[in-house]
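Residue numbers (the working numbering): 23 to 266.
Every residue gets a Cβ at the ideal spot worked out from N, C-alpha and C, and that includes glycine.
The structure presented is a predicted model; accordingly, all values stated were derived computationally and were not measured.
Read the structure below first, then the notes.
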Ligand code: GLP
């Protein structure tokens, strides 16, 4: 595991964008596993800037997103489809046909999970998977539970996650209660994992994930089993981390 301790959010975003850029240079036809949330927004901004300046070329890459709210159609303003279009897809030369997310409006949830797993298998899994981390240690929408999940599945979001997501919605009752997410096994199949963490409210989760035991009560702790994890965090988020 490599740890980059950056001063603040901007430093974290710069480092993360450099790593994303290096992945594209190393393998232009790579599969990028992408995340939503506020944490990777700065990285997406910088990557988009890199594309505008002619430094980055996304034309041969494919993307697979971690998760999507169940019940929100791809054109819903709160959907992760929309988030990705706004922050990255519309700003770089990714081929829209190769930008994949679970379909929140799929009529048959089990079939949708199987479809997404088959897609991930066909792509060979992400070369680089970007992750944020929830305050309760969740990754994607893999919430704390009694067992690690395997493939793509549908989850009921915990109270802590509903509260964290509340800020993006006008009314509490609009916050989706369920989501599709890649499972822990899907995530662990990535060639490399780039975990981003910013802010003091992530410090406890980062500490438990990497200094504590591997346990499904802290889903991010499964990353201890992955041979190529890059943790990029700012000082506030890494404040409690003991691992060097
Ligand atoms: C949501 C997303 C996660 C993300 C997490 C943290 O739960 N499904 O992928 O990592 O929020 O979000 P933020 O970066 O806004 O703190």
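Does residue i come out as helix, strand or coil in the three-state DSSP assignment?
i, result
"residue 206", "helix"
"residue 27", "strand"
"residue 45", "helix"
"residue 152", "strand"
"residue 83", "coil"
"residue 52", "coil"
"residue 199", "coil"
"residue 117", "coil"
"residue 128", "coil"
"residue 158", "coil"
"residue 242", "helix"
"residue 63", "helix"
"residue 189", "helix"
"residue 219", "strand"
Out of the options, which has the shortest C-alpha to C-alpha gap to residue i?
i, options, result
"residue 216", "39, 127, 32, 173", "39"
"residue 90", "109, 135, 74", "135"
"residue 235", "36, 247, 224", "247"
"residue 93", "159, 199, 233", "199"
"residue 153", "133, 75, 24, 251", "251"
"residue 181", "97, 108, 197, 122", "197"
"residue 202", "187, 88, 264", "88"
"residue 27", "86, 148, 213, 254", "254"
"residue 220", "263, 185, 190, 163", "263"
"residue 65", "30, 50, 51", "30"
"residue 108", "138, 35, 63", "63"
"residue 77", "178, 86, 50", "50"
"residue 148", "244, 214, 133, 123", "214"
Would you mind sorting residue i into buried or exposed? The rule is 16 or more other CB atoms within 10 Å of its CB.
i, result
"residue 140", "exposed"
"residue 228", "buried"
"residue 84", "buried"
"residue 151", "buried"
"residue 37", "buried"
"residue 45", "buried"
"residue 47", "exposed"
"residue 32", "exposed"
"residue 256", "buried"
"residue 167", "exposed"
"residue 60", "exposed"
"residue 165", "buried"
Is the stretch 133-147 in contact with the stretch 103-112, if contact means three or more CB pairs nearer than 8 angstroms? In this structure the stretch 133-147 does not lie against the stretch 103-112, because fewer than three pairs of beta carbons, one per stretch, are closer than 8 angstroms.
Within the chosen definition, does the stretch 222-240 reach the stretch 173-182 through at least 3 CB pairs nearer than 8 angstroms? No contact exists between the stretch 222-240 and the stretch 173-182.
Would you call the stretch 66-78 in contact with the stretch 113-128, where contact means no fewer than 3 C-beta pairs closer than 8 angstroms? The answer is yes - the stretch 113-128 touches the stretch 66-78, with three or more Cβ pairs under 8 angstroms.
Evaluate the contact criterion for the stretch 206-223 versus the stretch 123-137: three or more CB pairs, one atom per stretch, below 8 angstroms. With a cut-off of 8 angstroms, the stretch 123-137 and the stretch 206-223 do not count as touching, because too few Cβ pairs lie within range.
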